[in-house]
Amino acid sequence: MPLPVVAIIGRPNVGKSTLVNRLAGGRDAIVHDEPGVTRDRTYREAYWSDREFQVVDTGGLVFADDTEFLPLIREQAMLAMAEASVAILVVDGQAGINAADESIAEWLRQQKVPVLLAVNKCESVGLGNAQAGEFWGLGLGEPMPISSVHGSGTGDLLDRVIDYFPAKENDQAEAAASVAIIGRPNVGKSSLLNAFVGEGRAIVSPIAGTTRDAIDTLVERDGKTYRLIDTAGIRRKRSIDYGPEFFGINRAFKAIRRSDVVLLVIDALDGVTDQDQKLAGRIEEDGRACIIVVNKWDAVDKDSGTIYEVEKELRARLYFLDWAPMIFISAHTGQRVEKILGLVDVAVVQHQRRVTTSVINEVIEEAVSWQSPPANRQGKQGKIYYGTQVTSAPPTIALFVNEPKYFGEGYRRYVERQFRQGLGFNGTPLRLIWRGKRQREAERTLNRATRVK
Ligand code: GDP
Ligand code: GDP
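Residue numbers for the sequence shown follow our numbering, so the first one is 1233 and each next one is one higher.
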């Protein structure tokens, strides 16, 4: 199956090439020389989350002035649109709406391809949203403020982009799970990878034609194949331009996005640092399953109680991953390394698990009968009508209630605990969405207003 294509469209100087460079990272351009196509277009490969795609820039044309470019850009844009899964219209947030943007938008509205509206040059924290807001007027749905130079907003944009891609062919069948090995430099990621590879058969991932930031290794164990995403090698080819911190953490973030399960490697000698917390926070935000792997256990002075004390200490600093199992290992001696993939298997199943509506409502009934929702000062009481699982990976449960604001943090956490106690979900984040009546109506109206087809 050819990779999905994302067409970048917009008048000159809005920052299209800058955006393409950001999306494709440092990858080289590939020029497709197809018969029957009047002009070579330049494709760049990119990926986000677990999707690979191609970005085609319709620009790169120099126009004498704004009034003349439309026919030309149309020709290029038409060709790109013919094969695109989604188009991104780029506009300049600092310049504001321009007649050329309006004509392109009008043309785009007549195309069959879905369009996302990226308002570029919105790096100003104070002004960005207001600058973007002006572009609601183009009638292409929600304007998304981004800065191609700084990178802000581009992650949200890509999240929306990949939603429009056709479902993946079943290339996942080959690997039971994608497992990212994440951690600060020197915690022992490469040593762990080597320990895995030592016990199984490893082959370097055969993805044709791609150079990735992280090297994937396929490891086979008990008839199952795991794709290990390793960010360890990265330090060795660090770019001087960005500095170690910037590169390390962003690559780690990318690897997290591509994974099903993250092995968060912590150094037993250092404990949980601020950087570890940052990575942990991102794992939770991205909704990935996670195993906390405490490495270098061989180097710790210990007696029979140490493991419990250390676990308590580490968990106190990683409280937002309280659902993640923790395992103490030594990549050097191999202690407990063979248990890690077993935990991965469990986490994957829980992450993808679907629970029926009737079971969910049993848990809710039970929870409410033990502890009814609190009443506020006016004596108004929260009511949960029913709940249903809306998606998995991570499991996400919508709770339909009379008024979300009647449910404070304390009660929300209580309900989440009840779900975990009743249903498990070990190793995966669990999302609860509290939906009120008014909110549902507003969402429906908004959906209708912003649907682009
Ligand atoms: P294109 O003609 O649409 O491909 O635009 P370019 O990518 O060549 O960018 C046009 C100009 O806008 C260049 O001077 C860029 O440096 C600048 N530019 C691009 N993206 C941004 C951004 O996010 N913020 C700011 N302030 N300038 C940008
Ligand atoms: P990475 O930067 O996260 O890939 O870490 P490395 O795998 O390169 O390991 C960093 C350092 O920690 C090296 O000096 C390793 O020898 C050491 N190391 C890694 N795993 C262990 C372990 O299980 N026990 C001990 N004592 N040292 C370890």
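Here a beta-carbon is modelled for each residue, glycine too, at the ideal position from N, C-alpha and C.
If you're wondering where the values come from, they're calculated on a predicted model, not measured in any experiment.
Between LEU1501 and the rest of its own chain, which residues show a CB-CB distance below 8 Å, the 5 nearest in sequence each way excluded?
Translated into positions along the sequence shown, residue 1501 becomes position 269. Within the same chain, and ignoring the five residues on either side of LEU1501 in sequence, the residues whose Cβ sits closer than 8 Å to its Cβ are LYS1528, ALA1531, VAL1532.
For ligand 1, I want to know if THR1386 counts as a neighbour, meaning its beta carbon is within less than 7 Å of at least one of the ligand's heavy atoms.
Translated into positions along the sequence shown, residue 1386 becomes position 154. Proximity of the beta carbon of THR1386 to ligand 1 is not indicated: no heavy atom of the ligand is located closer than 7 Å.
Validate contact between the segment 1576-1585 and the segment 1487-1504 using beta carbons, cut 8 Å, 3 pairs
Touching, yes, given that three or more Cβ pairs across the two stretches are closer than 8 Å.
Which residues end up in the neighbourhood of ligand 2 when you take C-beta atoms closer than 6 Å to any of its heavy atoms?
With the cut-off at 6 Å, the residues found are GLY1415, PRO1417, ASN1418, VAL1419, GLY1420, LYS1421, SER1422, SER1423, ALA1464, ASN1527, LYS1528, ASP1530, ALA1531, SER1562, ALA1563, HIS1564.
Hey, how far is the Cα of THR1250 from the Cα of ALA1278?
For this step, residue 1250 is matched to residue 18 along the sequence shown. For this step, residue 1278 is matched to residue 46 along the sequence shown. C-alpha separation (whole angstroms): 14 Å.
Between SER1335 and ligand 1, is there a pair consisting of the residue's CB and a ligand heavy atom that are separated by less than 7 Å?
Along the sequence shown, one-based indexing puts residue 1335 at 103. Answer for SER1335: no, Cβ out of range of ligand 1.
Tell me, please, which residues DSSP counts as bridged to ASP1499.
Numbered from its first residue, the sequence shown carries residue 1499 at position 267. Answer by DSSP bridge pairing, in chain order: ASN1527.
Please work out which residues of its chain come closer than 7 Å, Cβ to Cβ, to GLN1343, disregarding the five sequence neighbours upstream and downstream, and give them in chain order.
Taking the sequence shown and counting its residues from 1, the one referred to as residue 1343 is at position 111. Counting only Cβ-Cβ distances below 7 Å, and skipping sequence neighbours, we find MET1313.
Would you list the residues sitting across from CYS1522 in a DSSP beta bridge?
Locating residue 1522 in the sequence shown gives position 290, where the first residue counts as 1. Residue pairing for CYS1522: DSSP places it in a beta bridge opposite VAL1494.
Pairwise C-alpha distance: ILE1616 and GLY1668
If you number the sequence shown from 1, residue 1668 lands on position 436. If you number the sequence shown from 1, residue 1616 lands on position 384. If I take the Cα positions, the gap works out to 10 Å.
Just the C-alpha distance for ASN1245 and VAL1357, rounded to the nearest angstrom, thanks.
The sequence position of residue 1245 within the sequence shown is 13, counting from 1. The sequence position of residue 1357 within the sequence shown is 125, counting from 1. Rounded to the nearest angstrom, the two C-alpha atoms are 22 Å apart.
As a quick check of your reading: which residues have a C-beta less than 6 Å from at least one non-hydrogen atom of ligand 1, in chain order?
Taking each Cβ in turn, the ones that pass are GLY1242, PRO1244, ASN1245, VAL1246, GLY1247, LYS1248, SER1249, THR1250, GLY1291, ASN1352, LYS1353, GLU1355, SER1379, SER1380, VAL1381.
Spatial distance of GLU1570 from MET1376 (CA atoms):
Counting from one through the sequence shown, the residue named residue 1570 turns up at place 338. Counting from one through the sequence shown, the residue named residue 1376 turns up at place 144. If you draw a straight line from the Cα of GLU1570 to the Cα of MET1376, it is about 45 Å long.
Per-residue DSSP class, three states only, for LEU1655
Position 423 of the sequence shown, counted from the start, is the residue given in the question as residue 1655. In the three-state reduction of the DSSP assignment, LEU1655 falls in the helix class, which pools H, G and I.
SER1562 in three-state terms, based on DSSP:
Here residue 1562 is taken as the residue at index 330 of the sequence shown, counted from 1. It is coil, neither helix nor strand.
Reduced DSSP category for GLU1452 - H, G, I as helix; E, B as strand; rest coil
The residue labelled residue 1452 in the question sits at position 220 within the sequence shown. It is a strand residue.
For GLU1594, count neighbouring Cβ atoms within 10 angstroms of its own Cβ and tell me buried if that reaches 16, exposed if not.
Taking the first residue of the sequence shown as position 1, residue 1594 is located at position 362. By the C-beta density criterion, GLU1594 is exposed, having fewer than 16 other C-beta atoms within 10 angstroms.
Rounded to whole angstroms, what's the CA-CA distance from ARG1283 to ILE1524? Just pull it up for me.
As a first step, residue 1283 must be located in the sequence shown, where it is residue number 51. As a first step, residue 1524 must be located in the sequence shown, where it is residue number 292. A direct Cα-to-Cα measurement between ARG1283 and ILE1524 gives close to 26 Å.
What is the rounded straight-line gap between the Cα of GLY1415 and the Cα of ARG1568?
Start at 1 with the first residue of the sequence shown, and residue 1415 comes out as number 183. Start at 1 with the first residue of the sequence shown, and residue 1568 comes out as number 336. Roughly 19 Å separates the two Cα atoms.
Hey, out of GLU1598, LYS1637, ILE1561, whose CA is closest to ALA1607's CA?
Here residue 1607 refers to the residue found at position 375 when the sequence shown is read from its first residue. With distances taken between Cα atoms, ALA1607 lies closest to LYS1637.
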